[in-house]
Structures are given as C-alpha cells and as structure tokens.
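Down below is the structure, laid out as structure tokens.
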Amino acid sequence: MSLVRKTSSSGSNSKTPTHLIGSLARGLKAAVPTMDRRTFLRRSGIGVGAGLAVSQLNLLQKANAVETKAMLDGKAGKIEVKRTVCTHCSVGCAVDATVENGVWVRQDSVFDSPINLGSYCAKGAALREHGHGDYRLRSPMKLVDGKYQKISWDQALDEITAKMKALRTKSTPDSLFFIGSSKHNNEQAYLMRKWVSFFGTNNTDHQARICHSTTVAGVANTWGYGAMTNSYNDMMNSKAALYIGSNAAEAHPVSMLSMLHAKENGCKLMVVDPRYTRTAAKSDQYVRIRSGTDIPFLFGVLYHVFNNGWEDKKYINDRVYGMDDVRKDVMEKWTPANVEAACGVPEAEVYKVAETMAKNRPSTIVWCMGQTQHTIGNAMVRASCILQLALGNIGRSGGGANIFRGHDNVQGATDVGPNPDSLPGYYGLAAGSWKHYATVWGVDYDWIKGRYAPDMMEKSGTTVSRWIDAVLEKSDMVDQATNVKGVFYWGHAPNSQSRGLDMKKAMDKLELLVVVDPYPSATAAMAAMPPAAGGQVNKDRAVYLLPATTQFETKGSVTASNRSIQWREKVIDPLFESVPDHVIMQAFADRLGFGKELSVNYKMLDSKYAGKSWREPEPESILGEINRSVWTIGYTGQTPERLKAHMRMMNVFDPKTLKSRGGKDPVSGYDTTGDYFGLPWPCYGTAAIKHPGSPNLYDTSKSVMEGGGNFRANFGVEKDGKTLLAEDGSCSKGSAITTGYPEFDAAFVKKLGWWSQLTPEEQKLAEGKNWKTDLSGGIQRVVMKNGCHPFGNAKARAVVWNFPDPIPQHREALYSTRPDMMIKYPTSADKKNFWRLPTLFLTVQQQNLNEKLYEKFPIILTSGRLVEYEGGGDETRSNPWLAELQQENYVEINPGAAARRGIKNWDYVWVKSPTGAKIKVRAMVTERVGPDTAFVPFHFAGWWEGKNLREYYPTGACPVVLGEAVNTATTYGYDSVTMMQETKTTMCQIEKFA
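Just so you know, we're using the working numbering here: the sequence shown kicks off at 41 and counts up by one.
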C-alpha cells in the first residue's frame, strides 16, 4: 500500500509530500519504545487508516530490506508458501501464508480461489496476527486462591483425568458435559464426538445449537438435508434476493461480492430487518420489521403470491406435499391487515416484495441468526422454505435457500461433530446407528454400551444452551441420574450464550471446569471473579486452562457454508506450550483407558509439542474414517488426496458455477475434470467412482453423477392417503426410474434386478444393509449408475406433522413488548423432559403479562455482528489490528428514545433487563433502529455489570479490548424443537449512566 497518490486528471496535485512519509515513519519508529501504538496515534493526530498504512509500509520496507540483504549475503532462509483457509466466518476465503524459517512473515489472499477471488475482509486481512498472537494462553494453568498459576501438561492431564474418573464413578458419565467447537476442523470435531461416546455420554454439543440448530431441523424436515442449498457464488445467477435476518455485509463480507455481481446484472435486492444495516444500504427495497415477526411477514408475502396466482403450480403438484393446507391457513389468517398489525409492515411494501420475488425468478432467500434465534425459530425457517417451494425456487440455479452459517467450520462440526442427539453424519442414537459406528470404529457394540449409564445410550443429551440448568435445576427435575457437575469448554465462548447471571452461578457450583482454547476466553475471567452477593463457590471446584493450538498450527479439512470442503495446510509449528486439539483428546483417552480404541484405525505420529512427546492421530487417517462412515450426507468422496488436489488447482474452477474447466494436479496426477470445487456434499460413493459433489441441492436438471438431485425420501411413502413421493415425470435427468421412489436398501435393489451389478465382495457387505450403512458403497454405486439417488425421490413437506406446529404459526416472544400480540398469538405450553430438562414457555410469557414487564422494559433488545470481530470475540479482540477498529461496546438507540431519556451520543448508559442484570455500554444514537428497538453487538466480554475483569484473566492472556457481554442481560427462552436460545427478541430499559 502506498501513501503517495498520483496527480489527478484535473491537474490538482493531491500528492502526499515524501518528507511527510519519512517523518511519519521516523515518528512511529521513535514512538515504539516509549508509548503504545494507540497512544501514539491519538497524540499525533494520525487517523487509524493512515496509522495502519504507515505501519504496514514500515514493516514491508523492513521485510524487503532483510530479504534483499539475505539474498546478497547468500543466506536466504527457507521460504515456503502454505495454503490455508480463514478461521473466522463460513465463506471459506483462501489465504497463502509465506513462512520463512518457520516464521509466518506475510499473507496474501488467493486470487485463484473461486470462493473469494483474492478478497478478504478486515478479519481475514489480520490472520497472521491471529496465528502469532501475543495474547494467547501460553501454558497450562490452574486456578489457585483466585489466581491462575502455571502448571505442567502432565500435572494438568493427570489431575483433570482423576477428577473425571471420580465424577464418572460417583455420579455416572452424564455428570460431565463437553462443549465442542465450531472452530475445530472436521477431523477434530468428528474425533470429539467419538471421544465423548467412548467416555460414555451424549452430553455434548457445540456452537451450532445457538446459531443454526433451528435451520438444520427446519430445513432437514422440509426437504431432506439441513444445509444451504446453493452457494454464495450461485447467487450471481439470481434475479431477485430476499435477505431476512441476515446482515451479510458485516457478518459475511466477502459473500456480498457475489450479490454485487448479481446486482450489476439486474438482480433486485430486498432486505428485511429491524435495523437499517450495511446490507440494507445496498438494497433496492428495505423493509423494517418488528423483531420476531418473520412468519407474519413471510406468510404475508405468500398471501400475495397465492392471491395473484404467482405460485408455480406444476412444481407444487410434482414436488411438494401439503401446500393446499398451507394456502388455506395463510389466506385465512394472514390478510394484509393482520400482517401489518403483527409485524408493522404496510400492505404495499409486502406486495412489492412478493411481486419482485415472483416476477424475477430464479429468486433466492437468505437468512442467518436473525431468523433462527427465537422460540419459534424452527417455524420461521420453515416459513422461508415454504415461500421458496411455492415459487418453485428450490433446486434451481440462482434460487434456493442460501443459509449463511457463522463460524468457519460450524457446518462441518454440525455434519460430523459433537451433537447430543446424533452420531456423525446425523445418524441418530438408535441401536442400528451405534452398530454401524461400532463396525466402522473397530470396537464391540456391547463395549460402547457398557461405557454408558443404563438406558442412556439412546437418549439425547443436554444442549449447550441449557447446561447451566442441568447444573442448577433440582436433581429430581433433570432426566439423568445426577446434575451436571463438570464442564469442558473446548473452543467455545461463554458470552455467546444467554442468561449470563445464571451461567456465573452454574460455573461457581461445578466441581470441575476445564477450558481448552488458544485464547482462554471469558470463561477464565468468569470462573476467577468472586460470586455475586450471597453466592458461593463450590469448595471442591477445580478450574484448569489448557492451551490448544490455532488451526494454523495443525492441518485438516474445513467445510464452508456452501458445503464445499477445503484442506488447510499446517502453516507454523505450535507456539508456546500449545498442543493441537486432537492430540489433547488422545492424551486424555490414553489416561482414561480407551486410547487404544479411540485410535485403532489411525496412523499414529510420534510428535513433539511443549517439549515432550505426544501420540498424535494423523488427520488424514481421521478423514479416511469419516469417508468410510458418513454415507448419509455424502462425506465419503472427499478424500484427503482429492481435497489437496483441489487446493493446488483452484485456478481451474469457474467462480460462478464452481465447476472445474479441466486440469490435472501436477503433484498427484489427479484429474479435476467435472468436479465442483471442494466437492460440496453430498459427494456420494467412494472416491473411485468420482462423484463431482453437489453444487445445488435438489436440482433435477442434472443427472446424479453430474451433481444433480431431488428431494429426499426420509418421511415414508404416504401420509393421510396422499403420496409423499414425487409425481410421474419428476426425476433427475437420466434416471432409470421416472417417478418417485423410496430410499434404497438391499431388498429394493434386488427387486429392481440390479443386485447382480454389485461385485461379490460388495454383495457380501451390502446384504441386509441400506444405502446409509453399506460400508462397501456398492448400493450407492449401482443406484447412481442407474441414474437414481440413494436417498430416494420424494416431495418436500410444506406440512411437517412431527413438529409442534405442522404449519408454521406465529407465536410471540416470551418477553414481548406487545401485550396485545401475546394475548392474540400466545406461545407454546410448557414442556417436561425436553432434552433432559423441563422447559418453560407459557408460564414465562404469562408472568410477563401479569407483571406488566413490557411497561418497565419497553424496548426490544436484539443483538448481532460487527465486521471487525467474530463470535465471542476473544480471538479477534486480542488482535491489535482489529482491536484498533472498535474499542468499546455500545447500544444503538433511536434519537427519539434517547431524547426522552436525556441520552446523548456516546454517553455511557445502563442497559437493564428483566433478569436483574445490567450492562454498561456507550450509546450510539442512530436511526438505524426504530423507536421501539435497541441493538448491541455480541462480540464483547470482560466487563461484568460495569466492572472491568482484566485482573481475573491469566497474566498475558487478556484481550486488548474488553467490554460488556450483551448476553449477560438476555433472558430465558428456547426454541420448541431444538432448544435454540432466544436472543433476537427480548426486552430492556436504557438509562443514562450516573
């Protein structure tokens, strides 16, 4: 980057004087020993942008000088370029890291990447600092008398293992809860689910529970797979796009490139959000909606679609079940007057959205956590699905449901990682699933069963959103032998969870708390800080911090939101005493007595970390086991060899279609012809049959071996006398069966006369199996050879009879500010033994009504992302380059609401909640939010109700920027299907700080 500008064409000279550049550089150099960078910038009056530019210029000059001198002296170091993938959001931007003599000295965005095309956002541009961060946890630590003390790895592992064994013996394996990570690579996420299973519990979960579990459940139960149907790139083919509950410009910045390309080609962009976001600033139509009323709005749009005959009638007849019932419900309940009363959007605006979507097809819909984090998130998701089914947009390029996931591997961790209700690949917890994995894992089924408490092996575990209640609830109300007494935070931020006050109480009550993370996160500070008045810490509690590596210090695969899988090379050796997560898992397993069983199928490496030898399962071997087991969603074709070839051959993939133009990898000789980049799942069969991956799910215009698809037959063949299978003529291109058909098993293959097409060895392994459990892959191979889909060919379900509301119904949030709407659209009844816990719905809402909380807390509180930070924010707020950009947390408040409270811009204010919590933040007075709404970013932690917690962090491992966590103040509320937390629609009062 240069500070020198060329003379403008008009002749005016805007050239920055060279003497100024020299003085700035000299000034920066002189300032470093005596003051920190921020102080220098503030005192010198240099803006942040200029400061960054000069610093980068200075660093580049030094780097170039050192490299030039080394070359002249003949002492040039070993320089390697390692290809990795950004560790922040789910877009999947590729980055080349230049490493000299083991030191990461430079990074470059990969222009050949078909996903990011040489672009990245602020977070991606600062990756090197994340890898070489100064504020990481450097060694294992133990909390002693309120302070963290350094201990050895052996002491930490031995003491933690002893505690685990004691709890397991005294209180059953279910007394521990293991929170996994959406930052783990696929191999680590998979290994963690296996590791927890061998410990003997299903009490495990990860970030997806509180960001997109409602998406996974809602989408999977509509058309078969719980994932984004198309891709960021495919949105370039869209003629219209509806963003609802997604601020992609800040949450997924590089994804906006595809939408901006689409706009250049005439795509109409509509944004529906309670806030006027940076995404809304790019829209053709912005619609301000009352938070939590997505269903009234979406069904209001559908009302106009039906009323004007804009629905795709043939598509609905051939491929959709139950749309007539939806039509009846929508036309009766969601008239324009009812829609406006519920969500505040006038009929003309709703009509315009409907007309734009209908008359500009293919049209796509995008949602994110603005739609998922509600007590009816599952129903909101299904309403979006139903709209797209009515318009015939699912299974079409430029259409689809583009569901933007959050963390870099939250999709992959959901697919193959630690879920409390399923084994990897969404195999359930029934005996058949366990036997499938027992065979894959090479262990006896009864041995695994013996690891579990009686009758607990097939029971879904507690969720990450509710572990605090598993600790605090009366023991006779928890559907397991005892309360949870020990918790592992294995790469997860506590400030991303709601009900912070209750979480602190739960942490204090534990007997064991273990944090495994490169950055110890707010968990460390919350555990060390004194309890609230009247509270107390369990005298037997033990707290440990274990330094894991970043993803740049190991290798493995990562799944982007569009289901493409990429392979990360190891960039640098682990810093300090950090150890890769999968190595730590193996070390624990060895001490807990199941190390041999955990890694029986893997090549084991004798690795050196933290000055000692460790047994390391090779990541490629773990991926090989995933390839042998996860047939359900097609993780079987993405071998390490194919993925590595794709990373080397990025330049041959088309950035719009993701399809290879053809080309052989010079290293392995692998021919990429026909493949889609990253082999987006499902990539069926073994790698030998070379399935290309599926760029757009449910697309019948392509054959199955070209990545085509149809809706999955996962719900039977008939319901209420109506077929659930696709109609005659509705099938993928080239299918031998031209009507609907059920999923395949050995018996069905035999009936069709295809059994002889399996080899004798395949027949032996496939006998009595179905397409999901046949380890030979023969059933999938033969079915696809005949142009069919292993999972069948069915209709999508507009009516989901196994959900609380078969047709999505609007239900007001528990802490709604609208008493009239709570009375008209009440929430669900309370539930008992829901994910092992009682869960309140109507009781809480009725209390709100009875106590008139809406009068005391009249502002809707919602939360969301900033472009500068990611997730809980500990990593990114520890990065000085990013910390520079947003140094304090704040609340957006409308000018009218601020004036009534005597609040001026950037005043400190209290945001108070019905829980009794209060957070101290700055006031950003802005019309981005309406008079009834306030917004607080969720990336901050390290303050607690006005108190700075810096003293409670481990020495040297505290983020640069601290602030109040919005979730200290968020309220009770969980989705009626998935236990997703309610964070997007709660209530607050805002008062000027005094």
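Heads up, the beta-carbon is just placed ideally off N, CA and C, and yes, glycines get one too.
Contacts around residue i, its chain only, beta-carbon distance under 6 Å, and the 5 residues preceding and following it disregarded
i	result
Thr-1023	Gln-413, Ser-538, Ser-903, Thr-1010
Gly-817	Gly-725, Thr-726
Lys-825	none
Pro-920	Val-1000
Ser-1016	Pro-844, Ser-868
Gln-1029	Phe-897, Lys-952
Continuous beta strand (DSSP E) stretch holding residue i: start and end
i	result
Leu-157	Neither: Leu-157 is in no beta strand (DSSP E) and is coded neither H nor E.
Thr-396	Thr-396 -> not in any beta strand (DSSP E); alpha helix (DSSP H) instead, spanning 387 to 399.
Ile-119	119 to 125
Phe-239	Phe-239 -> not in any beta strand (DSSP E); alpha helix (DSSP H) instead, spanning 226 to 239.
Tyr-584	582 to 586
Tyr-147	Here the sequence assigns Gln to residue 147, which means Tyr is not the residue at that position. It spans 143 to 149 - the beta strand (DSSP E) in which Gln-147 sits, taken as one unbroken run.
Lys-952	948 to 952
Gln-606	605 to 608
Val-527	526 to 530
Trp-654	652 to 657
Thr-902	899 to 904
Under the three-state DSSP convention, the category residue i falls into
i	result
Leu-550	coil
Leu-737	coil
Trp-481	helix
Ala-162	helix
Ala-442	What sits at residue 442 in the sequence shown is Asn, not Ala. If DSSP states are grouped into helix, strand and coil, Asn-442 belongs with the strands.
Cys-129	strand
Ile-666	helix
Thr-1025	coil
Gly-362	coil
Trp-350	coil
Glu-1031	strand
Ala-134	strand
Asn-641	coil
Val-555	strand
Asp-613	coil
Glu-593	helix
Trp-407	strand
Lys-205	helix
Ser-772	coil
Contacting residues, own chain, Cβ-Cβ under 7 Å from residue i (five flanking each side not counted)
i	result
Pro-293	Cys-161, Val-907
Glu-1031	Arg-941, Val-949, Trp-950, Lys-952
Asp-972	Thr-857, Ile-899, Ile-900
Trp-144	Ala-137, Arg-168, Gly-171, His-172, Val-611, Ile-612
Cutoff 8 Å; reference residue i; Cβ partners in own chain excluding five residues on either side
i	result
Lys-1073	Residue coverage of the chain in this structure runs from 41 to 1034, which leaves residue 1073 outside it and unanswerable.
Gly-452	Asn-225, Asn-226, Ala-229, Ser-597, Val-598, Thr-599, Ile-605
Ser-653	Asp-646, Ser-647
Ala-533	Ser-561, Ala-562, Thr-563, Gly-911, Gly-912, Gly-913, Asp-914, Ala-981
Asn-273	Pro-154, Ile-155, Ser-298, Asn-602, Pro-695, Lys-696, Thr-697, Leu-698
Tyr-1014	Thr-415, Ser-505, Arg-506, Thr-879, Met-1020, Gln-1021, Glu-1022
Thr-778	Asp-768, Gly-769, Cys-771
Cross-strand partners of residue i (DSSP beta bridge)
i	result
Pro-402	DSSP lists no partner for Pro-402.
Ser-424	DSSP output for Ser-424 lists no bridge partner at all.
Asp-711	Lys-704
Asp-785	Asn-810
Leu-1122	Residue 1122 is absent from the structure shown; the chain starts at 41 and stops at 1034.
Val-139	Glu-120, Trp-144
Gly-982	Gly-1003
His-447	Cys-129
Phe-217	Val-527
Unbroken alpha helix (DSSP H) run spanning residue i, endpoints
i	result
Thr-916	914 to 917
Glu-681	680 to 688
Gln-626	621 to 632
Met-566	561 to 568
Arg-940	935 to 940
Heavy atom of the ligand FAD within 7 Å of residue i beta-carbon
i	result
Ala-377	Within the structure as shown, the ligand FAD is missing, as the structure has no ligands at all.
- prompt: Which residue spans inside the segment 251 to 329 form an unbroken alpha helix (DSSP H) run of at least 4?
  reply: As far as the segment 251 to 329 is concerned, its whole alpha helix (DSSP H) runs of at least 4 residues are 253 to 263, 288 to 291, 295 to 304.
Length-filtered (3 minimum) beta strand (DSSP E) runs lying within the segment 840 to 891: Correct list: 871 to 874, 877 to 879.
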